[in-house]
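Per my numbering: the sequence shown ends with 255, consecutive numbering throughout.
What follows is a single structure, written as structure tokens, with notes after it.
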Amino acid sequence: MVEIKTDAALEAMREAGRVVARALAAVQDAAAVGVSLRELDEAARAVLDEAGARSPFLGYRPSFAPTPFPAVICTSVNDAVVHGVPSGYRLRDGDLVSIDCGAELDGWTGDAAVTFTVGTPRPDDLELISATQRALDAGIAALTVGNRIGDISHAIGSVARAAGCGMPADFGGHGIGRRMHEDPHVANRGRPGRGFPLRHGLVLAIEPMLMAGGRDDYRTGTDGWTLYSVDGSRAAHIEHTVAVTEQGPRVLTAL
Ligand code: MG
Ligand code: MG
Numbered sequence: 001m002v003e004i005k006t007d008a009a010l011e012a013m014r015e016a017g018r019v020v021a022r023a024l025a026a027v028q029d030a031a032a033v034g035v036s037l038r039e040l041d042e043a044a045r046a047v048l049d050e051a052g053a054r055s056p057f058l059g060y061r062p063s064f065a066p067t068p069f070p071a072v073i074c075t076s077v078n079d080a081v082v083h084g085v086p087s088g089y090r091l092r093d094g095d096l097v098s099i100d101c102g103a104e105l106d107g108w109t110g111d112a113a114v115t116f117t118v119g120t121p122r123p124d125d126l127e128l129i130s131a132t133q134r135a136l137d138a139g140i141a142a143l144t145v146g147n148r149i150g151d152i153s154h155a156i157g158s159v160a161r162a163a164g165c166g167m168p169a170d171f172g173g174h175g176i177g178r179r180m181h182e183d184p185h186v187a188n189r190g191r192p193g194r195g196f197p198l199r200h201g202l203v204l205a206i207e208p209m210l211m212a213g214g215r216d217d218y219r220t221g222t223d224g225w226t227l228y229s230v231d232g233s234r235a236a237h238i239e240h241t242v243a244v245t246e247q248g249p250r251v252l253t254a255l
């Protein structure tokens, strides 16, 4: 069932979204050569704790997962696409890092992700980040009253395809509100003009995940969580929680 949020709920979700944005900024500030992924998780935890927010990631266990998720962020490095578990791995010069973070504040949830490079960036990685950002921007621009879910999917998929990138077929965006994952699913490719109609108060997490090698298949790591590109190519994942409003799309997870 798709829940349409009241304007008061949108304001509450904006506050949760701000906490996510601050946590992601803290992680990006902390990220440097030699810093471990667990230390990045601690940086995000400190922001959530300070805000009095709960993590919807910590202890999360979807049907595919072998264990409850042990952290408040996902850390996906280089050929890892999404769902990377923070480990003792220490960042190296040139790493490509995607961080996904959620926060629940006063019963409402925000969900966002960023991708950045550490140390000296590889030009290909900067291009991949740019393509992923363009896919997100195109998806967000399609969040207008009167459009349908398929218009968002089509916008994201068109940018990814034009950039020659693949996207894992089974994963995409989602409705969000009191829970992190609500209906409807927002596929990262699809036909325009199809699916649930967008209305004022519908809130969606939009999250293109692009793999530079151009293939759509992936493999799951031995931890049962991390998704990797099947060809070892590098991946980027950028996400915002966005409300459909009569005034246009409103990003709730901006700073
Ligand atoms: Mg996320
Ligand atoms: Mg999400």
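Note that CB positions come from ideal geometry on N, CA and C, so glycine has one too.
Small disclaimer: the values here were computed from a predicted structure and weren't measured.
For residue 117, the first and last residue of its enclosing beta strand (DSSP E)
108-117 is the span of the beta strand (DSSP E), which, as asked, contains residue 117.
First and last residue of the beta strand (DSSP E) that includes residue 32?
Where residue 32 is concerned, there is no enclosing beta strand (DSSP E), given that its DSSP letter is neither H nor E.
Less than 8 Å between the beta carbons of residue 69 and residue 59, yes or no?
Residue 69 is a Cβ neighbour of residue 59, given a cutoff of 8 Å.
Under the three-state DSSP convention, the category residue 166 falls into:
Note: residue 166 maps to strand in three-state DSSP.
Is the CB of residue 90 under 8 Å away from at least one CB in chain B?
Looking at the structure shown, chain B is missing, and only one protein chain is on hand.
Ligand 2 and residue 205: does any heavy atom of the ligand fall closer than 7 Å to the residue's C-beta?
yes
Distance between beta carbons of residue 237 and residue 20, contact taken as under 8 Å
No, residue 20 and residue 237 are not in contact; Cβ-Cβ is about 14 Å, not under 8 Å.
If contacts are defined as beta-carbon pairs under 8 Å, then residue 120 and residue 97 qualify, I think. What distance do you get, rounded to the angstrom?
Actually they are not in contact, since the Cβ atoms of residue 120 and residue 97 sit about 14 Å apart, beyond 8 Å.
What are the start and end residues of the beta strand (DSSP E) that includes residue 4?
Run containing residue 4: none; DSSP gives neither H nor E here.
Which same chain residues, not among the five before or five after residue 308, have their C-beta less than 7 Å away from its C-beta?
Because the chain here runs from 1 to 255, residue 308 falls outside it and cannot be looked at.
Is it buried or exposed, residue 255, if we count other Cβ atoms within 10 angstroms and call 16 or more buried?
exposed
Here's a check: name, in chain order, each residue in its chain whose Cβ is nearer than 8 Å to the Cβ of residue 179, leaving out the five neighbours to either side.
In chain order, 56, 109 place their CB closer than 8 Å to the CB of residue 179, counting only its own chain and leaving out the 5 sequence neighbours on each side.
Starting from residue 140 and walking both ways along the alpha helix (DSSP H), at which residues does that stretch end?
123-141
Can you have a look at residue 222 and say buried or exposed, based on whether 16 or more other CB atoms are within 10 angstroms of its CB?
Here residue 222 is exposed: its Cβ has fewer than 16 other Cβ atoms, across all protein chains shown, within 10 Å.
Would you say the beta carbon of residue 102 comes nearer than 7 Å to a heavy atom of ligand 1?
yes
Check whether the Cβ atoms of residue 166 and residue 211 sit closer than 8 Å, and answer yes or no.
yes
Cutting at 7 Å between CB atoms, please list the residues of its own chain near residue 139, excluding the five before and the five after it.
152, 155, 156, 206, 208
Sufficient close CB pairs (3 or more, under 8 Å) joining the region 128-138 to the region 168-175:
no
Straight-line CA distance for residue 142 to residue 226?
Between residue 142 and residue 226, the C-alpha separation is close to 30 Å.
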